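Position 35 of the sequence shown, counting from 1, maps to 35 under UniProt numbering, and the rest follow consecutively.
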Amino acid sequence: MSDSLFRSLDMIEPGDLVIYHGSIKSHHGLWLALPCQCRECALADQLGLPAARFALVDPWGERSGPHHARRESITRSAACD
Numbered sequence: 001m002s003d004s005l006f007r008s009l010d011m012i013e014p015g016d017l018v019i020y021h022g023s024i025k026s027h028h029g030l031w032l033a034l035p036c037q038c039r040e041c042a043l044a045d046q047l048g049l050p051a052a053r054f055a056l057v058d059p060w061g062e063r064s065g066p067h068h069a070r071r072e073s074i075t076r077s078a079a080c081d
């Protein structure tokens, strides 16, 4: 899949900057999105289930972020364009 197609579909690629706006209000803001590698998410990925979840990482390494973040809880940052 081409890079422009990823962008046009607003897909999240590993390492993309995202804005988290999910249920943990204290964590709203800018994060790096990585595939969640917890046991449940890794198993779902191996089984080919479409419910991808993300582990969010602080770009500055100052705090730990939420895990199991749903795709609906994050928006790709305009900085990725």
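Glycine residues also receive a C-beta, built at the ideal position from the N, C-alpha and C atoms. As the structure is a prediction and not an experimental result, all values here were calculated from the model.
- In this structure, the CA atom of Pro50 is about 21 Å from the CA atom of Leu17.
- The C-alpha of Ser77 lies about 16 Å from the C-alpha of Gly65.
- Boundaries of the beta strand (DSSP E) harbouring Leu17: Leu17 to Tyr20, taken from the DSSP string.
- Rounded to whole angstroms, the gap between the alpha carbons of Gly29 and Tyr20 is 5 Å.
- Taking the C-beta atoms as reference points, Arg63 is found no nearer than 8 Å to Cys36.
- Collapsing the DSSP output to three states places Leu43 in a helix.
- The beta carbons of Arg71 and Ile12 sit closer together than 8 Å.
- For the pair Leu34 and Gly15, the CB atoms are nearer than the 8 Å cut-off.
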